[in-house]
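Engineer: Let me begin by handing over the structure; questions about it come next.
In our numbering, the protein residues as written are -17 to 106.
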């Protein structure tokens, strides 16, 4: 069984360690996965919901928007409509070092923390 909540925390904590070691590209990759896991946990997204898409950002935001009750979770709904993780791609895991700048990474850390707040994910 998938444990998206635990995975989100694990990926975020690993991203912090790599950030401190100035391994920005891998840190950024893990931040995107942390954000994805938090959204999948909160929105109860299953593998069946992901049929025909890769299940990663930005496609995941569109899937999550269909599952979030705007009346009961307006803050998360608004958050999902923002252009979070601009320029982030799951395919960057194959890119050469140096694609991610410290500024990009800092933005993605802030966005992931915001996603965690709105999805109820709390770091240890």
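Don't be surprised by glycine CBs; every beta carbon is placed ideally from N, CA and C.
Quick one, are the C-beta atoms of residue 91 and residue 1 less than 9 Å apart?
Structural biologist: yes
Engineer: Tell whether a beta-carbon distance below 9 Å holds between residue -7 and residue 10.
Structural biologist: Taking 9 Å as the cut-off, the beta carbon of residue -7 is found no closer than this to the beta carbon of residue 10.
Engineer: Roughly how far, in whole angstroms, is the beta-carbon of residue -3 from the beta-carbon of residue 21, given that I think they are within contact range, below 8 Å?
Structural biologist: Not a contact, Cβ separation roughly 16 Å.
Engineer: Helix, strand or coil, according to DSSP, for residue -6 in the structure here?
Structural biologist: helix
Engineer: Going by DSSP, what residue range makes up the alpha helix (DSSP H) through residue 76?
Structural biologist: First-last for residue 76: undefined, no H or E at that position.
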